[in-house]
Amino acid sequence: GIAIPKVAVLTANEKIDEKMPATVDAANLAAMWAKGEIPGCILEGPMTMDVALSRDAAVHKGIDSRIAGEADLFIVPDIEAGNMVGKTLIYCAGAKMAGVILGADYPIIMTSRAENAEGKLNSIALAAAIAR
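Taken in order, the sequence shown gives residues 7 to 138; the numbers are from our numbering.
Dropping the structure here:
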C-alpha cells in the first residue's frame, strides 16, 4: 500500500470559480485537509489532470504543489468524469481500479460492466476499508 497517499481533487481549472462548482468543492476539501479534518494523506485541489500527472505542467503554469506529477489518487467531480478518467487510466496506462461512491450511509461499490475480477476485488476491499 501507500503509507501517505497523494490525493488530487480534479477539476477543469486550478482556480476557484463560483461558475464551476467542482472548483469550489475541491477548495473546500483542501481546506478541510489543511485543518486536519482529512488525515492520512496529502490532498490538494482544485487541480487539473495535467498538473496531477506532470510536475513540468505545474512549473509551467506557476503552480506550487507538493503532489504535482505524483498523485496516487484522483477525486473526480462526478460519475461522468470518473468514468472517463478511470477507463483512460486503465486502458492507456495499465492502472489498477477501485470504484466506490461516497455520500450515502454506506460506501457503494461501482464497477464497470467490463471490470475484471481484480478490479471488482479492489472495489470490495476499498469499500470495506472505508466502512470501518
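Glycine is no exception: its CB is placed at the ideal position from the N, C-alpha and C atoms.
These figures come from a predicted structure and were not determined experimentally.
Neighbourhood of residue i by C-beta, 6 Å cutoff - its chain only, sequence neighbours within 5 removed
i	result
Ala-74	Val-57, Arg-61, Ala-64
Ile-44	Met-38
Span separating the alpha-carbon of residue i from that of residue j
i	j	result
Val-82	Thr-17	7 Å
Asn-34	Ser-71	17 Å
Leu-59	Asp-111	32 Å
Thr-54	Ala-134	29 Å
Asn-19	His-66	15 Å
Ile-85	Lys-93	12 Å
Glu-24	Ala-40	21 Å
Pro-27	Ala-36	14 Å
Pro-52	Gly-7	25 Å
Asp-31	Ile-22	9 Å
Option nearest residue i by Cα separation, candidates the options
i	options	result
Glu-98	Leu-132, Met-90, Gly-105	Before going on, a small fix: residue 98 reads as Cys here, not Glu. Minimum Cα distance to Cys-98 is reached at Met-90.
Sequence-distant residues of the same chain with beta carbon closer than 7 Å to residue i, five excluded per side
i	result
Pro-11	Cys-47, Asp-78, Leu-79
Proximity below 9 Å, CB of residue i to CB of residue j
i	j	result
Ala-131	Pro-113	no
Gly-109	Ser-118	no
Glu-50	Ala-87	no
Ile-96	Ile-107	no
Lys-102	Gly-68	no
Beta-carbon proximity list for residue i, same chain, < 8 Å, skipping 5 on both sides
i	result
Glu-76	Lys-12, Arg-61
Ala-120	none
Asn-128	Lys-102, Met-103, Ala-104
Task: Completely contained alpha helix (DSSP H) runs for the region 31 to 105, where each covers 4 or more residues - done: Runs of the alpha helix (DSSP H) inside the region 31 to 105: 55 to 59, 61 to 67, 85 to 99.
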